[in-house]
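>
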Amino acid sequence: MGLLIDSSVLIAVERGQLRADDVAGAARPNEPMAIAAITASELLHGVHRLGGARRIRAERIVTRWLATLPVIPFDLEVAKVHATLASQHRRRGRPVGSHDLMIAATAVHLDYRVATRDRRSFARVDGLAVEYL
Numbered sequence: 009m010g011l012l013i014d015s016s017v018l019i020a021v022e023r024g025q026l027r028a029d030d031v032a033g034a035a036r037p038n039e040p041m042a043i044a045a046i047t048a049s050e051l052l053h054g055v056h057r058l059g060g061a062r063r064i065r066a067e068r069i070v071t072r073w074l075a076t077l078p079v080i081p082f083d084l085e086v087a088k089v090h091a092t093l094a095s096q097h098r099r100r101g102r103p104v105g106s107h108d109l110m111i112a113a114t115a116v117h118l119d120y121r122v123a124t125r126d127r128r129s130f131a132r133v134d135g136l137a138v139e140y141l
C-alpha cells in the first residue's frame with residue numbers, strides 16, 4: 009500500500025493550513041508517497057493562474073514537490089479502472105468530478121490510499137481507502 013496525495017492537501021500546506029509533517033505522518037512506516045499525474049497538472053495550473061510574487065513563491069513550492077514526490081502516470085491500466093469507476097458512478101446517478109476520479113482510479117489500481125481534505129468526492133468511490141487530513 010502507498011499514499012497518493014491529493015492537491016487539496018498540498019494546497020493546504022502551501023497556505024499554512026496544514027503542516028508538511030502532518031502529511032508525512034499520514035504515511036505508514038515504509039509506505040511510499042506519490043501524486044497522480046492529474047494532481048501535478050492541477051498544481052501547475054494553479055501556478056499559471058497566479059501573478060507576481062505569489063506566482064514566484066507557488067512555483068518554487070510546486071517545483072520542490074514535483075522533484076520530491078513521484079508522479080504516477082495515467083496509463084492504460086489506470087484508464088481501465090477509471091472507465092469502470094466512471095460508468096458505475098454514472099449508473100448510480102452519483103458522478104464524481106473527472107480529476108478526482110482519475111486520482112481515485114490511480115489509487116485503486118495501485119492499492120494506495122488517497123490523502124485529501126475533500127470529504128465529499130472521494131468518500132463516494134467504492135473500494136477507495138481515504139485518509140482525511
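Okay, so the sequence shown: first residue is 9 according to the working numbering, each after it adds one. Every residue, glycine too, gets a C-beta built ideally from N, C-alpha and C.
1. Find out if the Cβ-Cβ distance for the pair Leu11, Ala35 is shorter than 8 Å.
2. Going by CA-CA distance only, name the one from His90, Arg125 and Arg98 that's closest to Val116.
3. Tell me, please, which residues DSSP counts as bridged to Glu139.
4. Would Ala137 and Arg121 qualify as a contact pair, given that the criterion is a beta-carbon distance under 8 Å?
5. Taking contact to mean at least 3 C-beta pairs separated by less than 8 Å, is the stretch 24–40 in contact with the stretch 89–107?
6. If you measure from the beta carbon of Tyr140 to each beta carbon in chain C, is any gap under 8 Å?
7. What are the residues that DSSP puts in a beta bridge with Ala42?
8. Would you say Leu93 and Ala112 are within 8 Å of each other, going by their C-beta atoms?
9. Give me the residue from Ser15, Arg68, His56 and Met9 with the minimum Cα distance to Asn38.
10. Using C-beta distances below 8 Å, list every residue in its chain close to Trp16, excluding the 5 sequence neighbours before and after it, in chain order.
11. Rounding to the nearest angstrom, what Cα-Cα distance links Ala87 and Leu109 in this structure?
From the atom records:
1. Yes.
2. With distances taken between Cα atoms, Val116 lies closest to His90.
3. Checking the DSSP bridge columns, you'll see Glu139 partnered with Ala123.
4. Yes.
5. At 8 Å Cβ cutoff, the stretches do not touch.
6. The structure shown contains no chain C; it holds only a single protein chain.
7. In the DSSP output, where bridge partners are listed per residue, Ala42 has Leu12.
8. Result yes, Cβ atoms of Leu93 and Ala112 sit closer than 8 Å.
9. Of the candidates Ser15, Arg68, His56 and Met9, the one whose C-alpha sits nearest the C-alpha of Asn38 is Met9.
10. Just to set this straight, residue 16 is Ser in the shown sequence, not Trp. Here the set comprises Thr124, Arg125 and Asp126.
11. Cα-Cα distance, rounded: 10 Å.
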